[in-house]
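Protein chains in written order, with the numbering used here: chain B, 1 to 101; chain C, 1001 to 1404.
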């Protein structure tokens, strides 16, 4: 997984690319820590460039959701495509996440 | 790590270094005595001596040295030949051999290392250099030894755990009993990506006309996921879930898993009740891959992907799951599988995918005889690029066509 942080209209955007798998667990947690150290009020995970995801990758978004609830920030997911979109649809992620695009 | 533990480990390693057994091989007594004095001064006390290569080779099996300090130019058998003979034996392949010689031309040093020496020190000896090199090689040896012991212990423990996990899955005899009792075919395949896996499946009788089959896949893989398979198995064995109703069953399992799974961990599951009297399958799914229904009717084969979306188990405290019904008439097969089957790469960045799987299944089902799972796994193995890094499970329940 690679990510780029940006600020769009005052909102933090984490743009993820490549694959999100079991091996990215620590990198994802480090990204969350960085996000929370910055005391953001909201964050959109733009995953339109994310090519693939496995079950551990899905679990990381559940961890992010838990963090957002614990630390009071708004979380959304943007633009799932291809295999990532199919897997999220299969897992009915739209029922528990705000998914846009 | 605690600084006291580090200090204690360091002291232990120092003691093991000075407690090592040193074989000193040199045809000059004064040199043997000099090496001994240097090391004795540093606390070493276990020495053996040889005055030529032959004596070294004779004494080595009895003395069992941890390091050899070896001269090159000696009568009988020289140091180079000693190195070659020791390295030819597996038990001495890692033994540190510190060669000390007055020969230090580049080609001579090369010959020493080609013969199998671990390190080289020139004569006349510089005592501090000798001591520090001996220490370095013994410390390396101790670290390698400890690592090997640790690896073996972990490997042994994983092997035991692997055998325990295998016992969670239905064995061939049990599958045959179910197959005979209900007049169906049961085929299966299971392979963990490492010693332990996060996939689990099973089947059980419900009544004389119905039996249940499930396939679950915990997020992640390896030891953590494997532990969750044990928890799930214990949970299903110890509590009285509504196994006759797939949607209720998943909802009940979900509620229990949510109580003990950490955030970020979950399980996908397909649970189906096969009714041989009504020739119907009722199933519910929590994000398991789309099961396939393969129908072979009047020599025409159709393969249908079934809907299987649903929140994974353990994500929310309460969740509901849709029950679906599909026909299970004679000639029908129902294929459940874990996501590794469709998510493994056939080329870089390209997964096998459901469409390719459907084609594979169709080509196998078109052949009139033989099972589905074994040829499908063979096709899959030929198609995927590398060793897969996820657990793979396939289960196929077939309604035997007794009319043909």
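Note that the Cβ used here is the ideal one computed from N, Cα and C, for glycine as well.
Reference residue i; option with closest CA among the options
i: residue 1047 of chain C; options: C/1022, C/1035 and C/1028; result: C/1022
i: residue 1128 of chain C; options: C/1041, C/1170 and C/1281; result: C/1041
i: residue 1 of chain B; options: B/73, B/89, B/53 and B/37; result: B/53
i: residue 1030 of chain C; options: C/1088, C/1125 and C/1060; result: C/1125
i: residue 1263 of chain C; options: C/1317, C/1119, C/1276 and C/1243; result: C/1317
i: residue 1103 of chain C; options: C/1059, C/1071, C/1086 and C/1252; result: C/1071
i: residue 1372 of chain C; options: C/1384, C/1349 and C/1399; result: C/1399
i: residue 1111 of chain C; options: C/1350, C/1137, C/1088 and C/1084; result: C/1084
i: residue 40 of chain B; options: B/92, B/67 and B/55; result: B/67
i: residue 1258 of chain C; options: C/1283, C/1356, C/1164 and C/1231; result: C/1231
i: residue 1236 of chain C; options: C/1062, C/1147, C/1311 and C/1168; result: C/1168
i: residue 1211 of chain C; options: C/1218, C/1179 and C/1238; result: C/1179
i: residue 30 of chain B; options: B/8, B/91, B/72 and B/3; result: B/3
i: residue 1130 of chain C; options: C/1069, C/1095 and C/1087; result: C/1069
i: residue 1134 of chain C; options: C/1019, C/1335 and C/1360; result: C/1019
i: residue 64 of chain B; options: B/90, B/18 and B/14; result: B/14
i: residue 1364 of chain C; options: C/1337, C/1176, C/1324 and C/1303; result: C/1303
i: residue 1218 of chain C; options: C/1238, C/1286, C/1176 and C/1181; result: C/1286
i: residue 1252 of chain C; options: C/1226, C/1228, C/1284 and C/1076; result: C/1284
i: residue 1100 of chain C; options: C/1081, C/1213, C/1342 and C/1121; result: C/1121
i: residue 1226 of chain C; options: C/1186, C/1159 and C/1249; result: C/1159
i: residue 1297 of chain C; options: C/1362, C/1310 and C/1234; result: C/1362
According to DSSP, residues forming a beta bridge with residue i
i: residue 1021 of chain C; result: C/1046
i: residue 61 of chain B; result: Residue 61 of chain B pairs with nothing; no bridge assigned.
i: residue 1205 of chain C; result: C/1211
i: residue 1189 of chain C; result: C/1394
i: residue 1292 of chain C; result: C/1305 and C/1335
i: residue 1098 of chain C; result: C/1069 and C/1119
i: residue 1300 of chain C; result: C/1297
i: residue 1131 of chain C; result: According to DSSP, which records beta bridges pairwise, residue 1131 of chain C is partnered with nothing at all.
i: residue 1272 of chain C; result: C/1213 and C/1283
i: residue 13 of chain B; result: B/6 and B/44
i: residue 76 of chain B; result: B/44
i: residue 1326 of chain C; result: C/1281
i: residue 52 of chain B; result: B/19
i: residue 1351 of chain C; result: C/1345
i: residue 1218 of chain C; result: C/1267
i: residue 1184 of chain C; result: C/1399
i: residue 1199 of chain C; result: C/1217
i: residue 100 of chain B; result: B/78
i: residue 1313 of chain C; result: C/1267
8 Å contact criterion, which residue i and residue j should meet: CB distance rounded
i: residue 1221 of chain C; j: residue 1202 of chain C; result: Wrong, their Cβ atoms sit about 19 Å apart, outside the cutoff.
i: residue 42 of chain B; j: residue 11 of chain B; result: 5 Å
i: residue 1333 of chain C; j: residue 1395 of chain C; result: Rounded, the Cβ-Cβ distance is 11 Å, inconsistent with contact.
i: residue 46 of chain B; j: residue 16 of chain B; result: 7 Å
i: residue 83 of chain B; j: residue 48 of chain B; result: The Cβ separation is near 13 Å, so there is no contact.
i: residue 1240 of chain C; j: residue 1319 of chain C; result: Actually they do not touch by this definition, with Cβ atoms about 20 Å apart.
i: residue 1306 of chain C; j: residue 1315 of chain C; result: No, residue 1306 of chain C and residue 1315 of chain C are not in contact; Cβ-Cβ is about 22 Å, not under 8 Å.
i: residue 1339 of chain C; j: residue 1289 of chain C; result: 5 Å
i: residue 1266 of chain C; j: residue 1312 of chain C; result: 4 Å
i: residue 51 of chain B; j: residue 18 of chain B; result: 6 Å
Test: residue i CB closer than 8 Å to a CB of chain E
i: residue 62 of chain B; result: The chain labelled as chain E is not found among the protein chains of the depicted structure, namely B and C.
* Asked: Counting Cβ pairs, one atom from each stretch, are 3 or more of them under 8 Å apart for the segment 1167 to 1177 of chain C and the segment 1367 to 1384 of chain C?
  -> no
* According to a CB-to-CB cut-off of less than 8 Å, which residues of the segment 1153 to 1179 of chain C neighbour chain B? -> none
* Asked: Which residues, in order along the segment 1039 to 1073 of chain C, keep a beta-carbon less than 9 Å from a beta-carbon of chain B?
  -> none
* Tell me, please, whether the segment 1273 to 1290 of chain C touches the segment 1234 to 1247 of chain C by the rule of three or more beta-carbon pairs shorter than 8 Å. => yes
* With 8 Å as the limit, tell me which residues of the segment 1309 to 1323 of chain C have their beta carbon closer than that to any beta carbon of chain B; keep them in chain order. => 1309, 1310, 1311, 1312, 1315 and 1316
* Contact list for the segment 37 to 59 of chain B against chain C, Cβ threshold 8 Å -> 51, 52, 54, 55, 56, 58 and 59
* **Contact residues within the segment 16 to 33 of chain B, judged by C-beta distance below 8 Å to chain C** => 22
* chain B contacts from the segment 1239 to 1262 of chain C (Cβ-Cβ distance under 7 Å) -> none
* **Chain-ordered residues of the segment 71 to 91 of chain B with a beta carbon less than 9 Å from chain C** => 83, 86, 87, 89, 90 and 91
* **Validate contact between the segment 1179 to 1196 of chain C and the segment 1385 to 1395 of chain C using beta carbons, cut 8 Å, 3 pairs** => yes
* Meets three-Cβ-pair contact criterion under 8 Å: the segment 1321 to 1332 of chain C and the segment 1278 to 1286 of chain C -> yes
* May I ask you to list, following chain order, the residues of the segment 1192 to 1213 of chain C that have a beta carbon less than 7 Å from some beta carbon of chain B? => none
* **Validate contact between the segment 89 to 100 of chain B and the segment 73 to 81 of chain B using beta carbons, cut 8 Å, 3 pairs** => yes
* To do: Count the CB pairs spanning the segment 1010 to 1017 of chain C and the segment 1134 to 1143 of chain C that are closer than 8 Å, and state whether there are at least three.
  => yes
* Asked: Relative to chain B, which residues along the segment 1261 to 1278 of chain C have a C-beta separation below 8 Å, given in chain order?
  -> 1263, 1264, 1265, 1266 and 1268
* At least three beta-carbon pairs within less than 8 Å, the segment 1159 to 1167 of chain C to the segment 1341 to 1350 of chain C -> no
* Asked: Which residues, in order along the segment 1219 to 1239 of chain C, keep a beta-carbon less than 7 Å from a beta-carbon of chain B?
  -> 1219, 1220 and 1221
* Asked: the segment 1348 to 1377 of chain C: which residues have C-beta closer than 9 Å to a C-beta of chain B, in chain order?
  -> 1349, 1351, 1353 and 1354
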